[in-house]
Amino acid sequence: MQAKLEDSLRDPEFFLSHLTHLHKPILTNSNQFKPNHTMTIRPTHTALTILAVSLLGGPPAFAEDNDATRLLKERSAHLEPMITQVSESAYVASGYSPANISMIVGEDGLVIVDTGMMPPHAEEVLAEFRKITDLPVKAIILTHGHGDHTGGARVFLEAGGDEKPKIFARSPFNSEGNLFETGGVKINKLRGARQAGFLLPPEKRINNGIAPAASPPKKGNVFIGNPPRPTDTFRDGTKKLSIAGIDLELVSAPGETADQLYVWFPKDRVVFAGDNFYQSWPNLYAIRGTGYRDVRKWINSLDAMLAEKPAHVVPGHTQPIVGEEKSTEVLTNYRDAIQHVFDETIAGINKGMTPNELVETVELPEHLRDLDYLREYYGNIEWGIRAIFSGYLGWFDGNPTNLFSLPPADEAGKMIALAGGEEKFREAASKALQEGDAQWCAQLCDHLLALDPNDQQARSLKADALEFLAENLITATGRNYYLTVAQELRKSREK
Ligand SMILES: [Zn+2]
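Using the working numbering, you'd call the opening residue of the sequence shown number 1008 and step up by one each time.
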């Protein structure tokens, strides 16, 4: 199995075809985390120790957590499995699956909003819901086509009594996944597995920022899903439903995806936000790779939810917001935060700033900076800024030097010569990490690897640097990505 895993890391197709065998489904990771095994690193004075330990082989281990690691660990409590009754007739299961599963209880049946990532998660939630009611499921609403919201649908379809439940969604359903599939793009699956930490051992996974760590149902396709076919779709505006005595409005709400909708439940004044809202800085860009997530539309969708004047907000992930005052406050701040970053980014763009310059200057205003539901547990502000830039202007940063850059190996050769030769260059890379400048270390290693991708010393040093960066990053997706690539760099060394 180990050999297969190593093979899979080099070959995305192989990886995808074997993922099922590599991971047993895990319902929740919250009690798998072993604090004593974490690699916690303080940015400045412990880097030297890491190197020393690394040279001896085996992972470095430290007793204390830095702020990023501590905050992400503390997040796990928020992600524990929990059923919340948000209103008279609406219940939310959070923490059972990466995405929330909700139930609205009607006169003679149930409406389910989103179905979780995989059937075992959905079965566990259905069992909890069955403690509340045994009414049949009459309809399923999918807020969008991502697999972590659609993968458990079968379980609720089978809980439908005599009549098969209808599945409501927006068209074109699964727009993001379809774009990859029709274009023949596959690498997003491997990148998605890195981002989600699917290839990491349990002790290296804390949580996914907005979800407990879980493993995928099959083929690592969780983010774009193999969703069930909706039976009833609408494209724009609002679709009004009346099911089992429950009046609902499905509202077109492009944002995280183009096929996103929110559900408005007027009787209890609950909005089910899909992934346009969860308690974290939003993933305006997913590092597994996405096309532009239209940030202005996302803001408009938040405005539309606010205009409903909800008493409660059910996010696509994380715990619900209960109470009108809190709901208004949270949605307003969330909207304002995204708007601020968007406006500042556009202002900088219009001054001719490049993405690398923009990420140094655009930040949240002080009154929004420390709000827990805007912390970068899942999305990262810098990645959002870059996404807005490329969403409007594409890949060219405006600096003509970059119209035709030197090939990486050419640049590396020249830089190494400039540094006085390879030995000095390697010394500088090691020293950078010893001094806590892991980013610089990784960048220097990239030059060495541009000349020789199998340079074992550079691979190992870069892996050390990435692990350092991971431990100092609160954003779970980036952290997982760092740790997985570090693992890949080390795996080949063992061969
Ligand atoms: Zn989601």
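We treat Cβ as the ideally placed atom computed from N, Cα and C, and that holds for glycine.
Could you check which residue in the options has the C-alpha nearest to that of residue i?
| i | options | result |
| --- | --- | --- |
| Y1380 | Y1488, N1387, L1371 and Y1341 | Y1341 |
| L1455 | A1472, Q1446, R1433 and E1135 | R1433 |
| L1440 | A1472, V1366, D1243 and G1428 | A1472 |
| K1138 | L1197, Y1098 and A1075 | Y1098 |
| V1270 | F1205, K1247, G1167 and E1263 | K1247 |
| R1466 | D1453, L1476, G1262 and A1477 | D1453 |
| E1071 | T1482, E1478 and N1487 | E1478 |
| L1086 | V1492, R1300, M1124 and N1215 | N1215 |
| R1161 | V1132, G1184, T1491 and P1415 | V1132 |
| L1186 | Q1346, R1300, P1126 and M1124 | R1300 |
| T1238 | L1291, G1204, I1174 and D1266 | I1174 |
| Q1463 | L1496, P1372 and R1077 | L1496 |
| S1334 | A1449, V1320, D1343 and A1344 | V1320 |
| G1386 | N1073, A1100, I1090 and Q1202 | Q1202 |
| L1257 | T1264, A1251, A1416 and L1268 | L1268 |
| G1401 | A1075, P1362 and E1188 | P1362 |
| A1537 | L1291, W1288, G1204 and G1167 | The requested residue 1537 is not part of the displayed model; the chain covers only 1008 to 1502. |
| E1364 | N1406, G1330 and A1200 | N1406 |
| V1366 | S1259, I1388, N1307 and L1255 | I1388 |
| P1126 | Y1399, F1163, I1345 and E1383 | F1163 |
| P1415 | R1382, Q1450, E1170 and K1438 | Q1450 |
| A1293 | N1409, N1461, M1124 and E1383 | E1383 |
| K1171 | P1143, E1188 and V1492 | P1143 |
| R1376 | N1357, I1345 and M1360 | I1345 |
| I1090 | G1443, L1371, S1109 and N1073 | S1109 |
| F1475 | N1461, P1460 and T1491 | T1491 |
| P1273 | L1079, E1188 and S1249 | S1249 |
| L1378 | G1428, N1357 and D1343 | D1343 |
| K1080 | Y1489, I1481, Y1488 and G1485 | I1481 |
| E1165 | D1417, G1359 and E1130 | E1130 |
| S1308 | E1331, L1338 and E1332 | L1338 |
| S1083 | I1217, D1074 and F1136 | I1217 |
| I1111 | F1136, G1428, G1123 and K1431 | F1136 |
| D1539 | G1123, M1124, H1128 and D1141 | The structure shown does not extend to residue 1539, since the chain is modelled only from 1008 through 1502, so no value can be given for it. |
When we look at the beta-carbon of residue i and count the other beta-carbons within 10 Å, is it buried (16 or more) or exposed?
| i | result |
| --- | --- |
| H1374 | exposed |
| A1457 | buried |
| W952 | As shown, the chain starts at 1008 and ends at 1502. That puts residue 952 outside it, with no answer to give. |
| R1236 | exposed |
| K1469 | buried |
| T1352 | buried |
| Q1494 | buried |
| A1134 | exposed |
| D1404 | buried |
| F1411 | exposed |
| P1289 | buried |
| T1520 | The structure shown has nothing for residue 1520, since the chain only spans 1008 to 1502. |
| P1261 | buried |
| L1371 | buried |
| L1413 | exposed |
| E1183 | buried |
| G1359 | exposed |
| G1190 | exposed |
| G1443 | buried |
| G1428 | exposed |
Could you round the C-beta distance between residue i and residue j to whole angstroms and report it? I think they count as a contact, below 8 Å.
| i | j | result |
| --- | --- | --- |
| A1318 | S1094 | 7 Å |
| I1213 | A1445 | Contact flag wrong, Cβ pair sits at about 19 Å. |
| F1180 | D1266 | 5 Å |
| I1253 | G1113 | 4 Å |
| F1241 | R1177 | 6 Å |
| G1152 | T1264 | 7 Å |
| V1348 | V1369 | 6 Å |
| G1204 | N1487 | 4 Å |
Hey, would you say the C-beta of residue i is under 7 Å away from at least one heavy atom of ligand 2?
| i | result |
| --- | --- |
| D1266 | Because ligand 2 does not appear in the structure shown, any question about it cannot be addressed here, the ligands present being ligand 1. |
Validate contact between the segment 1101-1118 and the segment 1208-1221 using beta carbons, cut 8 Å, 3 pairs: The answer is yes - the segment 1208-1221 touches the segment 1101-1118, with three or more Cβ pairs under 8 Å.
Segments of 3+ residues assigned as beta strand (DSSP E) that fall wholly inside the segment 1270-1336: Complete beta strand (DSSP E) runs here, min 3: 1277-1279 and 1319-1321.
Contiguous beta strand (DSSP E) assignments of at least 3 residues, all confined to the segment 1136-1185: Counting only runs of 3+ residues, the beta strand (DSSP E) found wholly inside the segment 1136-1185 occupies 1144-1148 and 1173-1177, in chain order.
Segments of 4+ residues assigned as alpha helix (DSSP H) that fall wholly inside the segment 1380-1443: Correct list: 1388-1400, 1415-1425 and 1429-1441.
Stretch-stretch touch, CB-based, cutoff 8 Å, three pairs: the segment 1196-1214 with the segment 1270-1290: At 8 Å Cβ cutoff, the stretches do not touch.
Stretch pair the segment 1142-1150 + the segment 1110-1126: three plus CB contacts closer than 8 Å: Yes: the two stretches touch, three or more of their Cβ pairs being nearer than 8 Å.
Stretch-stretch touch, CB-based, cutoff 8 Å, three pairs: the segment 1314-1334 with the segment 1418-1437: The segment 1314-1334, when compared against the segment 1418-1437, does not touch it at the 8 Å Cβ threshold.
Segment contact flag, the segment 1309-1316 with the segment 1283-1298, C-beta cutoff 8 Å, min 3 pairs: With the cut-off at 8 Å, the segment 1309-1316 and the segment 1283-1298 touch.
Given 8 Å, three or more beta-carbon pairs between the segment 1191-1198 and the segment 1151-1171: No contact exists between the segment 1191-1198 and the segment 1151-1171.
Any 3 or more C-beta pairs closer than 8 Å across the segment 1394-1409 and the segment 1292-1307: The segment 1394-1409, when compared against the segment 1292-1307, does touch it at the 8 Å Cβ threshold.
Every unbroken beta strand (DSSP E) inside the segment 1189-1262 [3 residues or more]: Listed in chain order, the complete beta strand (DSSP E) runs (minimum 3 residues) inside the segment 1189-1262 are 1239-1241, 1245-1250 and 1253-1259.
Start-end ranges of the alpha helix (DSSP H) lying completely within the segment 1070-1141, minimum 4 residues: Listed in chain order, the alpha helix (DSSP H) elements of length 4 or more contained wholly in the segment 1070-1141 are 1074-1085 and 1126-1137.
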